[in-house]
Amino acid sequence: MKTVIIIGGGAAGLMAAVSASWDHKRVILLEKNEKLGKKLFITGKGRCNVTTACPPEEFLENVMTNPRFLYSSFKRFDNQSMISFLEDCGLELKTERGQRVFPASDHSSDVIRVLRDACRKGGVDIRLNSHVSRIHCREGAFSSVELQNGEMIPGDSLILACGGKSYPSTGSDGEGYALASSLGHKIREPQPSLVPFIMEETWCKDLMGLTLKNVSIRVKDGKKMVYEGFGEFLFTHFGVSGPLVLTASTRLGKFQKALKEGRLSLILDLKPSLTEEQLDRRFLREFDTFRNKKIPNVMDTLLPGKMTPVFLARAEMDPEKRVRDVSKAERRRMVSLMKNLPMHIRGLRGFEEAIVTRGGVEVKEVDPATMASRIVPGIYFAGEMLDVDAVTGGFNLQIAWTTGYTAGKFA
Ligand SMILES: Cc1cc2nc3c(=O)[nH]c(=O)nc-3n(C[C@H](O)[C@H](O)[C@H](O)COP(=O)(O)OP(=O)(O)OC[C@H]3O[C@@H](n4cnc5c(N)ncnc54)[C@H](O)[C@@H]3O)c2cc1C
Numbered sequence: 002m003k004t005v006i007i008i009g010g011g012a013a014g015l016m017a018a019v020s021a022s023w024d025h026k027r028v029i030l031l032e033k034n035e036k037l038g039k040k041l042f043i044t045g046k047g048r049c050n051v052t053t054a055c056p057p058e059e060f061l062e063n064v065m066t067n068p069r070f071l072y073s074s075f076k077r078f079d080n081q082s083m084i085s086f087l088e089d090c091g092l093e094l095k096t097e098r099g100q101r102v103f104p105a106s107d108h109s110s111d112v113i114r115v116l117r118d119a120c121r122k123g124g125v126d127i128r129l130n131s132h133v134s135r136i137h138c139r140e141g142a143f144s145s146v147e148l149q150n151g152e153m154i155p156g157d158s159l160i161l162a163c164g165g166k167s168y169p170s171t172g173s174d175g176e177g178y179a180l181a182s183s184l185g186h187k188i189r190e191p192q193p194s195l196v197p198f199i200m201e202e203t204w205c206k207d208l209m210g211l212t213l214k215n216v217s218i219r220v221k222d223g224k225k226m227v228y229e230g231f232g233e234f235l236f237t238h239f240g241v242s243g244p245l246v247l248t249a250s251t252r253l254g255k256f257q258k259a260l261k262e263g264r265l266s267l268i269l270d271l272k273p274s275l276t277e278e279q280l281d282r283r284f285l286r287e288f289d290t291f292r293n294k295k296i297p298n299v300m301d302t303l304l305p306g307k308m309t310p311v312f313l314a315r316a317e318m319d320p321e322k323r324v325r326d327v328s329k330a331e332r333r334r335m336v337s338l339m340k341n342l343p344m345h346i347r348g349l350r351g352f353e354e355a356i357v358t359r360g361g362v363e364v365k366e367v368d369p370a371t372m373a374s375r376i377v378p379g380i381y382f383a384g385e386m387l388d389v390d391a392v393t394g395g396f397n398l399q400i401a402w403t404t405g406y407t408a409g410k411f412a
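Residue numbers (our numbering): 2 to 412.
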């Protein structure tokens, strides 16, 4: 009987262990933490957005880096396959706004439990507190792994499912890249993705905690559009975050130089459903009704109250001024600013706050049909350590399920 060793008891490693066990292989799952799925546990704010219910043909459109690499593995095990697998294991699921699939219980621990039970049913030898420090080869092919305590575990094949670098406290601290690199694999520089922005504008701090719903943003490199989107936006003590910003961060792969040189701007449209003309008419209506009031009192009908002082300062408007004294040019300036509030991106927050890692094991050196290394026979890869990442909505976990399933099947 062949022995398959898997490093990493996260989403990809657990799925790899389950699928390998279905093929009657001897499977050993090594996890350095004291428990399985530490990161899985915190996904979806503890509810685990386990996959997406989008039509499978739309899935790859949501993968930002190397979508074509996933083409054949996704055909073999797609989001519908994952939904069926979980339901067959007795886990009830529900689909929410944006086709996000969650366990009906709202507990990520139920997803971990189902995967752990499936491993046990398949006879997987789960070894916790097992920290792999080296990989050994014989005659150019995989032969064994060495644990930090010196124990050697021989096997016929090895799946690396060590995760990326984000949220290192969960165990995915970039160590997998060092192991892959020790085998001769090229690593594309890991960078935080699905991550908040640090902004030049210090006034963001004054708005900390304020969420704006139904706004739109444009991220630009000079005149070049990098990202345009509509949704929810959040101010923080260092800059901005929220779903819109996190999604925008996934588009920065090709704009690293512009980011480093501080050339990226973010333009916030606070009234995306109105044209400038429509918004101007709205201003006129409010101004006509409240002619004798001070400007902030009227602005509160157009903006969240917390935002008014910041907005008026940006528009260089005296808050003591009465509405009747506002000139046409001043009104126009406010309208224009409400549609195009300019801000400047100074950087990204770190891996500690990034939902995923962009970069990782170069996919050209991995067979997309089997996840096998093209460099060392017997080595396979799965999950976030590969140079593949997607937007939010269950896509990143599905990448882990798809590549984990495939690696487990072929290892
Ligand atoms: C806060 C947060 C929320 C998220 N929410 C969602 C969501 O709702 N939906 C979604 O699709 N995605 C979500 N993601 C992304 C998703 O969690 C990851 O893409 C996914 O967990 C990657 O799975 P993985 O198995 O590749 O890596 P991981 O889950 O990180 O697992 C890797 C495992 O390998 C172990 N390991 C590493 N090195 C070694 C070693 N040398 N020896 C032994 N073990 C080792 C680690 O301890 C770890 O347990 C979220 C991420 C974060 C941080």
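In this text, a Cβ means the ideal position worked out from N, Cα and C, and glycines have one as well.
Remark: C-beta atoms of residue 129 and residue 143 do not approach each other more closely than 8 Å. Burial state of residue 72 is exposed, judged by a 10 Å Cβ sphere holding fewer than 16 other Cβ atoms. Between residue 387 and residue 269, the CB-CB gap reaches or exceeds 8 Å. Beta-bridge analysis with DSSP links residue 226 to 221. Here residue 51 really is in contact with residue 398; their C-beta atoms are around 6 Å apart, less than 8 Å.
The nearest non-hydrogen atom of ligand 1 is 7 Å or more from the C-beta of residue 25.
The Cβ atoms of residue 77 and residue 407 sit closer than 8 Å to each other. Fewer than three beta-carbon pairs drawn from the stretch 367–383 and the stretch 323–332 are found closer than 8 Å, and the two stretches are therefore not classed as touching.
Non-local C-beta neighbours of residue 24 in its own chain, meaning closer than 7 Å and more than five positions away in sequence, comprise 410, ordered along the chain. The beta-carbon separation of residue 172 and residue 164, rounded to 7 Å, stays under the 8 Å limit for a contact. Residue 95: not part of any alpha helix (DSSP H); member of the beta strand (DSSP E) spanning 94–97, first to last residue.
The alpha carbon of residue 278 has as its nearest neighbour, out of 339, 221, 320, the alpha carbon of 339. Bridge pairing for residue 361: 189 [DSSP]. Judged by DSSP in its simplified three-state form, residue 205 adopts helix. In the same chain as residue 362, and ignoring 5 residues on each side of it, the C-beta atoms closer than 7 Å to its own belong to 181, 186, 188, 382, 386, 387, 388, in chain order. Remark: C-beta atoms of residue 395 and residue 101 approach each other more closely than 8 Å. Proximity of the beta carbon of residue 167 to ligand 1 is indicated: a heavy atom of the ligand is located closer than 7 Å.
Separation of residue 191 and residue 3 (C-alpha to C-alpha, rounded to the nearest whole angstrom) is 33 Å. The stretch 345–352 and the stretch 250–266 touch, with three or more beta-carbon pairs separated by less than 8 Å. For residue 147, the enclosing beta strand (DSSP E) covers residues 142–148. Distance from the CA of residue 149 to the CA of residue 352, rounded to the nearest whole angstrom, comes to 25 Å.
The residue among 48, 114, 367, 7 with its C-alpha nearest the C-alpha of residue 154 is 7. When C-alpha distances from residue 323 are compared across 290, 11, 211, 244, the shortest belongs to 290. At a threshold of 7 Å, residue 108 does not count as near ligand 1, since its beta carbon sits no closer than that to any of the ligand's heavy atoms. Here DSSP, grouped into helix, strand and coil, assigns residue 165 to coil. Bounds of the beta strand (DSSP E) holding residue 343 are 342–349. Take residue 296, set aside five residues on each side of it, and the residues of its chain with a beta-carbon closer than 7 Å to its own are 313, 318, 320, 322, 324, 327, in chain order. At least one heavy atom of ligand 1 sits closer than 7 Å to the Cβ of residue 39.
The residue from 237, 218, 248, 66 with its alpha-carbon nearest to that of residue 393 is 248. DSSP places residue 244 in the helix class (H, G or I) of the three-state scheme.
Collapsing the DSSP output to three states places residue 63 in a helix. The Cβ neighbour count for residue 60, taken over all protein chains shown within 10 Å, is at least 16; the residue is labelled buried. Shortest gap from the CB of residue 163 to any heavy atom of ligand 1: under 7 Å. In the DSSP assignment, residue 373 is bridged to 381.
When only Cα atoms are considered, residue 401 and residue 79 end up about 11 Å apart. The beta-carbon separation of residue 259 and residue 265, rounded to 5 Å, stays under the 8 Å limit for a contact.
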